[in-house]
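Peer 1:
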Amino acid sequence: MQSVEELIPQLKLLIIKQLNLESVTPDAFDSDMPLFGEGLGLDSIDAIELIVLLDRNYGIKLADPKEGRKIFQSVRTMAEYVQQNSKK
Amino acid sequence: MNKPVYYINGVGSISPQRTFNNDEFLPEISSYIENKLDCVLPEFKDYINPIQLRRLSRMLRAGLSAAIICLRDSNNQQPDGIITSTGDGFLRDTNKFLNEIFEFNEKQLTPTYFMQGTHNALAGLVALTLKCKGYNNTYVTSGLAFETSLHDAMMQLNADPDKTFLLGALDERDDAQYKIHLRTDNYKKEKINSRSLFDNPTRGTLQGEGTCFFSLSGQPGSNVWGLLKDVKVIHKPENANEIRSALHEVLTANDLRADQLDVLVNGVSGDVIHDQLLAEIVETELSFLPEVRFKHLCGEYCTASSFGLWLGLSILKKQVIPASVLFNGKKPKNPIKHVLLLNQYFGRNYSFILISSC
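Taken in order, these protein sequences are the chains called A and B. Heads up: take any position in the first sequence, counting from 1, add 54, and you land on this note's numbering. Heads up: take any position in the second sequence, counting from 1, add 10, and you land on this note's numbering.
1) If you run the structure through DSSP and keep just helix, strand and coil, what is HIS306(B)?
2) Since ASN45(B) and LEU216(B) are thought to touch, with beta carbons under 8 Å apart, how far apart are those beta carbons, to the nearest angstrom?
3) Among residues of its own chain, excluding the 5 on either side of TYR123(B), which ones have a beta-carbon nearer than 7 Å to its beta-carbon?
4) Quick check: the Cα distance between PRO14(B) and LEU364(B), rounded to an integer number of angstroms?
5) Return the CA-CA distance between TYR57(B) and ARG82(B), expressed in angstroms with no decimal places.
6) Closest by CA to LYS343(B), which one among LEU287(B), VAL273(B), TRP320(B)?
7) I want to know whether the region 258-278 of chain B touches the region 298-315 of chain B - three or more CB-CB distances under 8 Å.
8) For PRO52(B) versus PHE35(B), is the C-beta spacing smaller than 8 Å?
9) Based on the DSSP output, what are the partners of LEU336(B) in its beta bridges?
10) With distances taken between CB atoms, is the gap from LEU177(B) to ALA163(B) smaller than 8 Å?
11) Please confirm if GLN118(B) has its CB atom under 8 Å from at least one CB of chain E.
12) What are the residues in the region 39-66 of chain B lying within 7 Å of chain A by C-beta distance?
13) Determine whether the Cβ of THR122(B) lies closer than 8 Å to any Cβ atom of chain A.
14) Indicate whether at least one CB of chain B lies closer than 8 Å to the CB of ASN139(A).
15) Which chain B residues are close to ASP84(A), counting only those with a beta carbon under 9 Å from its beta carbon?
16) Under 8 Å Cβ-Cβ, which residues of chain B neighbour GLU103(A)?
17) Throw me the rounded Cβ distance for the ASN19(B) and GLY231(B) pair, which I believe falls under 8 Å.
18) How about LEU75(A): is its C-beta nearer than 8 Å to some C-beta of chain B?
19) Since VAL241(B) sits in a beta bridge, which residues does DSSP pair it with?
20) Quick one: Cα of GLN87(B) to Cα of SER227(B), how far?
21) Thinking C-alpha only, which one of PRO345(B), HIS129(B), MET165(B), PHE175(B) is nearest ASP181(B)?
22) Taking Cβ-Cβ distances below 7 Å as the criterion, which residues of the region 107-133 of chain A are in contact with chain B?
23) Since ILE99(A) meets chain B, which of its residues come closer than 8 Å, beta carbon to beta carbon?
24) My assumption, with CB atoms under 8 Å, is that MET69(B) sits in contact with PHE114(B). Please give the rounded CB distance.
25) Which word fits ALA263(B), buried or exposed, when buried means at least 16 other C-beta atoms lie within 10 angstroms of its C-beta?
26) Can you grab the Cα-Cα spacing for the pair GLY236(B) / GLN118(B), in whole Å?
27) Strictly below 7 Å CB to CB, what residues from chain B border GLY95(A)?
28) May I have a chain-ordered list of the beta strand (DSSP E) segments no shorter than 3 residues that lie completely inside the region 255-330 of chain B?
29) Could you check the C-alpha separation between PRO171(B) and ILE92(B) for me, to the nearest Å?
30) Does DSSP put GLN118(B) in a helix, a strand or coil?
31) Tell me whether SER165(B) is buried or exposed, calling it buried when 16 or more other Cβ atoms sit within 10 Å of its Cβ.
32) Keeping to the same chain, check which residues put their C-beta closer than 7 Å to that of GLY153(B); ignore five residues upstream and five downstream.
33) Quick one: Cα of ASN74(A) to Cα of LEU66(B), how far?
34) Return yes when the Cβ of ARG193(B) is within less than 8 Å of the Cβ of GLY218(B), no when it is not.
35) Pull the bridge partners of GLN217(B) from the DSSP assignment, please.
36) Using DSSP bridges, identify the partner residues of CYS222(B).
In structure tokens:
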């Protein structure tokens, strides 16, 4: 099983690719930066893209939107959730 | 009763040539050697908010930029309605979405490709960007989509000439579509330089793409490019006489004789079969006119006549014909007043668009 620190760079690359973040590099993308609002500025369509990303890459199915709010706070919270729930 | 007048008050064009700057008129010609012509793109950040830019596909960016160029050109940032046309829509995102359906067994599908793959994605995007809550329609009638959207705009302006409509056309080149059309001889089997399209009398044409926007109103704006006088379409004519009759109808309806026309913009595609009827019409009815061709610059696509209209309007506005488009070397009258565009799409759809100076 991968550690949180191993998952963070992997998730950063997946997010940049999936959300077409052309001007963002993994190094400039802080692991604790908020993904929505003030931080990376993602929106509700991006949230759906992130749900699909977790499903395709880690076999995690999110059904409860409230759960998503906590998981998608930052790349680190995503990595922690993946570390605990990945089915692949 | 007086015939309604339709002013074209602004234009914006992004095509396989450098056409996005309205202060220039075909300053340099791009050549293509693979029978596929891709758009020469502007710096999108000049037209689109960087945050909005991220999610948009290449041709949605191009379409929105062309709309903004047109609005800036017309000095009217807020149209009353938006009408777009596309024969094949956003082919690349449609194909990505279909491939995902197959790859992921109809599950785990992402929303972006679906949203951007729909034919009316551009009309919706422009409306959202401009916060335009008025009339919004998209025509998808293959090789006559652009002409149908022109008819709609004309009818809307007949009802209320004070309104302004932003009229757009867009089609995107795609490799999967190229392979299909290659098998049906619609594209050339042999590789040629796009500039020599009309030197090769063989089957097929070149695959192109592009997007053009026009601001139409029953009232003149501060930067009028020309008047849209008439649009006529013919679907699958049986012979050249059917096209000849339509030509005479257009001229008669606008109190013109053929010898009063100044320039012919000919939408032949370089396909020796599909061009036959237009070649016969030009030879028997319009051979004395300066003949301008354009599909060596933009390739063939469902809404390529919008590029032809952009070219005709540019000739009217700037009163010059660039050497790169003048086919028969005949000098135009001075001033150039009436331009007739003839187009054909894969030998199925034919159209006439008549434009005049004010």
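Every residue, glycine too, gets a C-beta built ideally from N, C-alpha and C.
Peer 2: Inspection of the coordinates gives the following:
1) If you number the second sequence from 1, residue 306(B) lands on position 296. HIS306(B) falls in the helix class under three-state DSSP.
2) The residue you call residue 45(B) lines up with position 35 of the second sequence. The residue you call residue 216(B) lines up with position 206 of the second sequence. About 5 Å; that satisfies the 8 Å criterion.
3) Start at 1 with the first residue of the second sequence, and residue 123(B) comes out as number 113. When the five nearest sequence neighbours on each side are left out, the beta carbons in the same chain lying within less than 7 Å of the beta carbon of TYR123(B) are those of ASP103, LYS106, PHE107, GLU110, in order along the chain.
4) Along the second sequence, read from residue 1 onward, the residue named residue 14(B) stands at position 4. Along the second sequence, read from residue 1 onward, the residue named residue 364(B) stands at position 354. Distance from the CA of PRO14(B) to the CA of LEU364(B), rounded to the nearest whole angstrom, comes to 14 Å.
5) Numbered from 1 along the second sequence, position 47 holds the residue referred to as residue 57(B). Numbered from 1 along the second sequence, position 72 holds the residue referred to as residue 82(B). Each residue's alpha carbon lies about 10 Å from the other.
6) One-based indexing of the second sequence puts residue 343(B) at position 333. For the residues LEU287(B), VAL273(B), TRP320(B), the minimum Cα distance to LYS343(B) belongs to VAL273(B).
7) Yes, the region 258-278 of chain B touches the region 298-315 of chain B.
8) Stepping through the second sequence from its first residue, residue 52(B) is reached at position 42. Stepping through the second sequence from its first residue, residue 35(B) is reached at position 25. No, these two residues do not count as a Cβ contact at 8 Å.
9) Locating residue 336(B) in the second sequence gives position 326, where the first residue counts as 1. LEU336(B) pairs with VAL302(B).
10) Your numbering for residue 177(B) matches position 167 in the second sequence. Your numbering for residue 163(B) matches position 153 in the second sequence. Result yes, Cβ atoms of LEU177(B) and ALA163(B) sit closer than 8 Å.
11) Here chain E cannot be found, since the structure's protein chains are A and B.
12) ILE61, ARG64, ARG65
13) The count along the second sequence starts at 1 and reaches residue 122(B) at position 112. With its beta carbon less than 8 Å from one in chain A, THR122(B) belongs to the interface.
14) Sequence index remark: in the first sequence, residue 139(A) carries index 85 (1-based). Not closer than 8 Å to any Cβ of chain B, the Cβ of ASN139(A) fails to qualify, so no.
15) The residue you call residue 84(A) lines up with position 30 of the first sequence. Within chain B, no residue comes near ASP84(A); the closest Cβ sits about 19 Å away, beyond 9 Å.
16) Start at 1 with the first residue of the first sequence, and residue 103(A) comes out as number 49. THR120, PRO121, THR122, listed in chain order.
17) Within the second sequence, numbered from 1, the residue matching residue 19(B) stands at position 9. Within the second sequence, numbered from 1, the residue matching residue 231(B) stands at position 221. Going by Cβ atoms, the distance from ASN19(B) to GLY231(B) rounds to 3 Å, so yes, they are a contact pair.
18) In the first sequence, counting from the first residue as 1, residue 75(A) sits at position 21. Closer than 8 Å to some Cβ of chain B, the Cβ of LEU75(A) qualifies, so yes.
19) Within the second sequence, the letter at position 231 stands for residue 241(B). Bridge partners of VAL241(B): ILE363(B).
20) Taking the second sequence and counting its residues from 1, one reaches residue 87(B) at position 77. Taking the second sequence and counting its residues from 1, one reaches residue 227(B) at position 217. Using only the alpha carbons, I get a separation of about 13 Å.
21) Locating residue 181(B) in the second sequence gives position 171, where the first residue counts as 1. The candidate whose alpha carbon is nearest that of ASP181(B) is HIS129(B).
22) Residues ASP109, ARG110.
23) Here residue 99(A) is taken as the residue at index 45 of the first sequence, counted from 1. In chain order: ARG65, PRO121, THR122, MET125.
24) Numbered from 1 along the second sequence, position 59 holds the residue referred to as residue 69(B). Numbered from 1 along the second sequence, position 104 holds the residue referred to as residue 114(B). Wrong, their Cβ atoms sit about 24 Å apart, outside the cutoff.
25) For the purposes of this step, residue 263(B) is taken as residue 253 along the second sequence, with counting starting at 1. ALA263(B) is exposed by the Cβ-count criterion.
26) Here residue 236(B) refers to the residue found at position 226 of the second sequence. Here residue 118(B) refers to the residue found at position 108 of the second sequence. When rounded, the distance between both Cα atoms is 50 Å.
27) The residue labelled residue 95(A) in the question sits at position 41 within the first sequence. Under the 7 Å cutoff, chain B gives ILE61.
28) 273-277, 301-303
29) Translated into positions along the second sequence, residue 171(B) becomes position 161. Translated into positions along the second sequence, residue 92(B) becomes position 82. When rounded, the distance between both Cα atoms is 15 Å.
30) For the purposes of this step, residue 118(B) is taken as residue 108 along the second sequence, with counting starting at 1. GLN118(B) falls in the coil class under three-state DSSP.
31) Position 155 of the second sequence, counted from the start, is the residue given in the question as residue 165(B). In the sequence as presented, Ser is not what sits at residue 165(B); that position holds Met. Exposed, since its Cβ has fewer than 16 Cβ neighbours within 10 Å.
32) Position 143 of the second sequence, counted from the first residue, corresponds to residue 153(B). So the list reads GLY97, CYS312, TYR355, PHE356, ARG358, ASN359, once near-sequence residues are dropped.
33) Mapped onto the first sequence, residue 74(A) falls at position 20. Mapped onto the second sequence, residue 66(B) falls at position 56. Roughly 9 Å between the two C-alpha positions.
34) The residue you call residue 218(B) lines up with position 208 of the second sequence. The residue you call residue 193(B) lines up with position 183 of the second sequence. Result no, Cβ atoms of GLY218(B) and ARG193(B) do not sit closer than 8 Å.
35) Mapped onto the second sequence, residue 217(B) falls at position 207. Answer by DSSP bridge pairing, in chain order: LYS46(B), GLU310(B).
36) As a working mapping, residue 222(B) is identified with position 212 in the second sequence. Per DSSP, SER23(B), ALA179(B).
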